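Structure record follows, encoded as structure tokens.
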Amino acid sequence: MANRGFLVVSGQGVLSGDEQVKASELWGGRQIHSTHGMHPKAPNKHIFRLSNDPQVGINGVGPQWHNDGSFEVGVFSHVGYHIVRVPENTGNTLFCHQGAAYDALPRETQEFWSRLVSVNATSGVLHPMAHDHPINGRRSVYLHLGMTGGVLEKVGEDEFRLLEEEELTKLFHSYNDLLNNGLPENGGNYAVSYQYQEGDCIFIDNLALAHKASPQAHNPDIKEQGLRILHRTTVKAMKPFMPGFNLPATATRELLTAAQDTSNGKGVFVAGGLGFRWDESIRMQN
Numbered sequence: 001m002a003n004r005g006f007l008v009v010s011g012q013g014v015l016s017g018d019e020q021v022k023a024s025e026l027w028g029g030r031q032i033h034s035t036h037g038m039h040p041k042a043p044n045k046h047i048f049r050l051s052n053d054p055q056v057g058i059n060g061v062g063p064q065w066h067n068d069g070s071f072e073v074g075v076f077s078h079v080g081y082h083i084v085r086v087p088e089n090t091g092n093t094l095f096c097h098q099g100a101a102y103d104a105l106p107r108e109t110q111e112f113w114s115r116l117v118s119v120n121a122t123s124g125v126l127h128p129m130a131h132d133h134p135i136n137g138r139r140s141v142y143l144h145l146g147m148t149g150g151v152l153e154k155v156g157e158d159e160f161r162l163l164e165e166e167e168l169t170k171l172f173h174s175y176n177d178l179l180n181n182g183l184p185e186n187g188g189n190y191a192v193s194y195q196y197q198e199g200d201c202i203f204i205d206n207l208a209l210a211h212k213a214s215p216q217a218h219n220p221d222i223k224e225q226g227l228r229i230l231h232r233t234t235v236k237a238m239k240p241f242m243p244g245f246n247l248p249a250t251a252t253r254e255l256l257t258a259a260q261d262t263s264n265g266k267g268v269f270v271a272g273g274l275g276f277r278w279d280e281s282i283r284m285q286n
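Counting from 1, one number per residue, gives the positions in the sequence shown under full-length UniProt numbering.
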């Protein structure tokens, strides 16, 4: 799982909430870690029920590349997706292998990103932008494009600066382009737009794969799109996902103030909600 990042178990019919929870607990931390809101029609408190019809499930979640649980020190180890209702006109989830994405970067960019640490907009949790996967050690990229307030760069022995607005915008676009370029239609071989079949149950290593919902997955026009229902489960981390560089797990006021000073007051950190808006033309939602 750590190497491929992705497992599809097909032909499962419709699993009960309890069955999906038990299957999810075979992975990673072997315990469900739920932080989501609960839709009234969810069969289990640990099931995050998603749908393009808000009367049936929660709509609009995750339209940009991300890893689930990025607001936690211990990012979820694995995530399970069970398609309950396949829409007539697709409703895919896109997955990208973050180790292969790192390999696709020029060496200079690899070195730069290896000096970067993202700051979560809602919790202040710090995560490395390039890291060694905790199971197989493969160098991989990591960034949440819908919940990051700012990015720190290590510039000295114990010194960091906050990236400025132009740098941050360029970084987010570069990351988005890198993952999109992994899709076959863009000439890549390290990402896939997965079209669900009835009874599919997918499990991913959440530190090996980034994902996002396709635009069609959120289309509320049921007559045009068809009804989509997806049940998601999230699994407890195996260990904390630390930022390195002897940094704490969560940014302190002192750290951000010092990083802002190093940036001559030009560094950016946007607290709360969606964090830094790197592209006003696209939709963001956590």
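Where is the CB? At the ideal position from N, CA and C, for every residue including glycine. For clarity, every value in this text was computed on a predicted model and none was experimentally measured.
If you run the structure through DSSP and keep just helix, strand and coil, what is residue i?
| i | result |
| --- | --- |
| Leu178 | helix |
| Thr109 | helix |
| Phe172 | helix |
| Lys154 | strand |
| Met215 | For clarity, residue 215 is Pro in the given sequence; the question names Met instead. Looking at Pro215 - three-state DSSP - the assignment turns out to be helix. |
| Glu159 | strand |
| Asn186 | helix |
| Leu256 | helix |
| Gly29 | coil |
| Asp103 | helix |
| Thr262 | helix |
| Val21 | helix |
| Ile282 | coil |
| Ile222 | helix |
| Asn120 | strand |
| Thr250 | strand |
| His39 | coil |
In the DSSP assignment, what residue or residues form a beta bridge with residue i?
| i | result |
| --- | --- |
| Phe48 | Arg232 |
| Gly267 | Glu164 |
| Tyr81 | Ile202 and Arg232 |
| Gly275 | Thr148 |
| Phe95 | Val192 and His211 |
| Phe6 | Ile204 |
| Asp132 | Arg139 |
| Leu126 | Val119 |
Since I believe residue j is in contact with residue i (beta carbons under 8 Å), could you give me their beta-carbon distance rounded to a whole number of angstroms?
| i | j | result |
| --- | --- | --- |
| Glu72 | Val8 | Wrong, their Cβ atoms sit about 26 Å apart, outside the cutoff. |
| Gly272 | Gly150 | Gly272 to Gly150, Cβ: 12 Å. No contact. |
| His211 | Leu94 | 6 Å |
| Trp113 | Ala101 | Their Cβ separation, rounded to whole angstroms, is 11 Å, which puts Trp113 and Ala101 out of contact at 8 Å. |
| Ile47 | Gln20 | 7 Å |
| Leu145 | Gly5 | Actually they do not touch by this definition, with Cβ atoms about 18 Å apart. |
| Pro128 | Val119 | No, Pro128 and Val119 are not in contact; Cβ-Cβ is about 12 Å, not under 8 Å. |
| Ala121 | Gly265 | With a Cβ gap of about 20 Å, Ala121 and Gly265 do not count as contacting. |
| Gln216 | Asn92 | 7 Å |
Does the Cβ of residue i lie closer than 8 Å to at least one heavy atom of the ligand COA?
| i | result |
| --- | --- |
| Val270 | Absence of the ligand COA is noted for the structure shown, with no ligands found whatsoever. |
Restricting to Cα atoms, I'd like to know which of the options is closest to residue i.
| i | options | result |
| --- | --- | --- |
| Cys96 | Glu19, Val141, Glu164 and Ser16 | Val141 |
| Leu163 | Gly60, Ala259, Arg283 and Gly74 | Ala259 |
| Arg283 | Asn219, Phe269, Val270 and Phe245 | Asn219 |
| Gly137 | Trp278, Asn3 and Arg277 | Asn3 |
| Gly37 | Ala213, Arg139, Phe6 and His231 | His231 |
| Gln110 | Gly99, Val119 and Asn120 | Gly99 |
| Glu198 | Asn59, Val270 and Glu88 | Glu88 |
| His173 | Thr35, Trp278 and Gly69 | Trp278 |
| Pro243 | His133, Gln216, His33 and Glu165 | His133 |
| Asn67 | Phe241, Ser16, Leu183 and Asn246 | Phe241 |
| Thr35 | Ser16, Val14 and Gly74 | Gly74 |
| Gln285 | Phe269, Ala213 and Val86 | Ala213 |
Exercise. Are the region 162 to 170 and the region 70 to 79 in contact at 8 Å, needing three or more beta carbon pairs?
Worked result: no
Exercise. Are at least three pairs of beta-carbons, each pair with one atom in the region 81 to 90 and one in the region 151 to 159, less than 8 Å apart?
Worked result: no
Problem set entry | Segment contact, 8 Å Cβ cut-off, at least three pairs: the region 95 to 110 with the region 239 to 253 | no
Exercise. Can at least three beta-carbon pairs, one atom from the region 27 to 44 and one from the region 226 to 244, be found at a separation below 8 Å?
Worked result: yes
Exercise. Would you call the region 36 to 55 and the region 216 to 235 touching, i.e. three or more CB-CB distances under 8 Å?
Worked result: yes
Exercise. Between the region 187 to 206 and the region 39 to 47, do at least 3 Cβ pairs fall closer than 8 Å?
Worked result: no
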